[in-house]
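Protein chains: 2
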Amino acid sequence: MLGSDALDILFNKARTHNDWQDRDVDTVLLTKAWDLTVMGPTSANCEPMRIKFVKSPEAKERLKPALSEGNLEKTMAAPVTAIIAHDMEFYEKLPQLFPHTDARSWFAGKDDAIAATAFRNGTLQAGYFIMALRAIGLDCGPMSGFDNAKVDAEFFAGTPVKSNFLINIGYGDASKLFARSPRLAFDEGAEIL
Amino acid sequence: MLGSDALDILFNKARTHNDWQDRDVDTVLLTKAWDLTVMGPTSANCEPMRIKFVKSPEAKERLKPALSEGNLEKTMAAPVTAIIAHDMEFYEKLPQLFPHTDARSWFAGKDDAIAATAFRNGTLQAGYFIMALRAIGLDCGPMSGFDNAKVDAEFFAGTPVKSNFLINIGYGDASKLFARSPRLAFDEGAEIL
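From first to last, the protein sequence lines are chains V and L.
For what it's worth, UniProt numbering labels the leading residue of the first sequence as 1, then goes sequentially.
For what it's worth, UniProt numbering labels the leading residue of the second sequence as 1, then goes sequentially.
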């Protein structure tokens, strides 16, 4: 069981940030967040999430045309923007990741199973990744307001990888935060049967 | 930044469990996990995840016909099985959850945006939920091997809620664990641009 300070860092006091301190993100931290994230559970350990970390000014310029107006300024200002994506040929890695049986055959040629598994498990891993970033002291600002097709054409052309959403990463400027929005109570979204 | 003990609980030493100690899960913990989970970020704070906690023997019997053979025994034995689902009319709650603008109009009538947002954000929340369960000392066993249509007919008939996947919840029997499967290295799934 984690203590209240850790729960605050992960959940209760963590906030989505739109404004960033002028402070670089060490690439060692991005590797550390990845290494934590991949420990999380996925179907048959398929780990379909892929990430392009957009960090250099040149890479940011490649991303810029795909951003929606409301996400433009904060994304160009963020120290790093992660393009969260998933590999539609994730099953080709199952002999490596789930070696004790022929899990590749559960997916190869089955387009509906591939699409659902890639999106579901890639997004689950993105949830773990957001928690991992917070766990190692980084702030993030996830967003889905951008042109996925443009991002795919610019960053994943000729590959089976498809973009999912974006996460700005850095050290947030807490002075710019608004009050937190209301949350759904247990009884509004859950039930014990 | 969390300490190594907390990182072990969430990521490095946490494992997917298939065997369960004979120990009840206090429903207060399920509420606590929910209250942590909903603090996590979602698009426009839409919080589309819904959960049915299948805990009583009667409810488990209702779930049983939808389970795949490989998931049957462990699921019937688990103290609780959470049906992770999402509300395809999540946007009806946006006036409550995102009150400062008319976010409902971004979705109402737009079936593709609804489907992608419900699945993406409901699954992200499921990732936070798995971390929240671990954070409060519970173990889990997520699985997608079941008949979604049967679960929807049995538990969500006449509602706009659709099942996503299942999570067995309890206190795992660590003596029954196998060795951990290999994980994708950073260079196999990520790149810094």
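Beta carbons are placed, not taken as given, at the ideal position from N, Cα and C, and that holds for glycine.
Note that the structure is predicted; figures quoted are calculated from it, not measured.
Three-state secondary structure assigned by DSSP to residue i
i	result
L:ALA185	coil
L:ASN148	helix
V:ALA168	At residue 168 of chain V the sequence reads Asn, which differs from the Ala that was named. Of the three classes helix, strand and coil, the one that applies to V:ASN168 here is strand, per DSSP.
L:SER163	strand
L:THR37	helix
V:VAL80	strand
L:GLU191	strand
V:ILE51	strand
L:THR31	helix
V:LEU138	coil
V:LEU67	strand
L:ALA179	coil
L:MET143	strand
V:ASP112	helix
V:ALA157	coil
V:ALA85	strand
L:THR16	strand
Contacting residues, own chain, Cβ-Cβ under 7 Å from residue i (five flanking each side not counted)
i	result
L:GLY145	SER68, GLY70, ASN71
L:THR123	ASN164
L:LEU133	ALA33, CYS140, ILE169
L:ASP24	PRO79
Partners in chain V for residue i, counting only beta-carbon separations shorter than 7 Å
i	result
L:ILE9	LEU2
L:SER181	ASN45, LEU97, PHE98
L:GLY133	Residue identity differs from the one stated: residue 133 of chain L is Leu in this sequence, not Gly. Under the 7 Å cutoff, chain V gives no residues; its nearest Cβ is about 11 Å from L:LEU133.
L:THR31	PHE186
Contact list for residue i against chain L, beta-carbon separation under 9 Å
i	result
V:TRP34	LEU184, ALA185, PHE186, GLY189, ALA190
V:LEU124	THR123, LEU124, ALA126, GLY127, ILE130, PRO142, PHE165
Chain L contact residues for residue i, given Cβ-Cβ distances below 7 Å
i	result
V:ILE136	MET1
V:THR27	ILE192
V:ALA103	Near V:ALA103 there are no residues of chain L at all, since even the closest Cβ is about 10 Å away, more than 7 Å.
Burial state of residue i (16 or more Cβ within 10 Å)
i	result
L:THR101	exposed
L:ASP139	buried
V:PRO179	At residue 179 of chain V the sequence reads Ala, which differs from the Pro that was named. Under this definition V:ALA179 is an exposed residue.
V:GLY137	exposed
V:LYS176	exposed
V:GLU47	buried
V:ALA190	buried
V:PRO57	exposed
L:GLY158	exposed
V:SER4	exposed
L:LYS110	exposed
L:LYS55	buried
L:ALA66	buried
V:THR16	buried
Within chain V, the residues that residue i reaches when beta carbons sit closer than 8 Å
i	result
L:THR16	PRO41
L:ASN12	LEU36, MET39
L:PHE107	Chain V residues near L:PHE107: none, gap ~12 Å exceeds 8 Å.
L:ALA174	The contacting residues do not exist; L:ALA174 stays about 15 Å from chain V at best.
8 Å Cβ cutoff, residue i in contact with chain C
i	result
L:ILE51	The structure shown has no chain C; the protein chains it does contain are V and L.
Where residue i meets chain L, residues with beta-carbon distance less than 8 Å
i	result
V:VAL38	ARG183, LEU184, GLY189
V:VAL54	LEU193
V:ALA59	LEU193
V:ALA77	The contacting residues do not exist; V:ALA77 stays about 17 Å from chain L at best.
Contacts of residue i in chain V (Cβ-Cβ under 9 Å)
i	result
L:PHE119	ALA116, PHE119, ARG120, THR123
L:ALA153	Result: empty, since nearest Cβ-Cβ is about 15 Å, beyond 9 Å.
Same chain, Cβ closer than 8 Å to residue i, neighbours up to 5 away in sequence not counted
i	result
residue 215 of chain V	This structure does not reach residue 215 of chain V, given that chain V is present from 1 up to 193, and the question cannot be answered.
With three or more beta-carbon pairs closer than 8 Å as the criterion, would you say the region 157-166 of chain V touches the region 79-98 of chain V?
yes
Any contact between the region 72-79 of chain L and the region 2-22 of chain L? By contact I mean 3 or more CB pairs, one from each, below 8 Å.
yes
Does the count of Cβ pairs from the region 35-55 of chain V and the region 92-109 of chain V closer than 8 Å reach three?
yes
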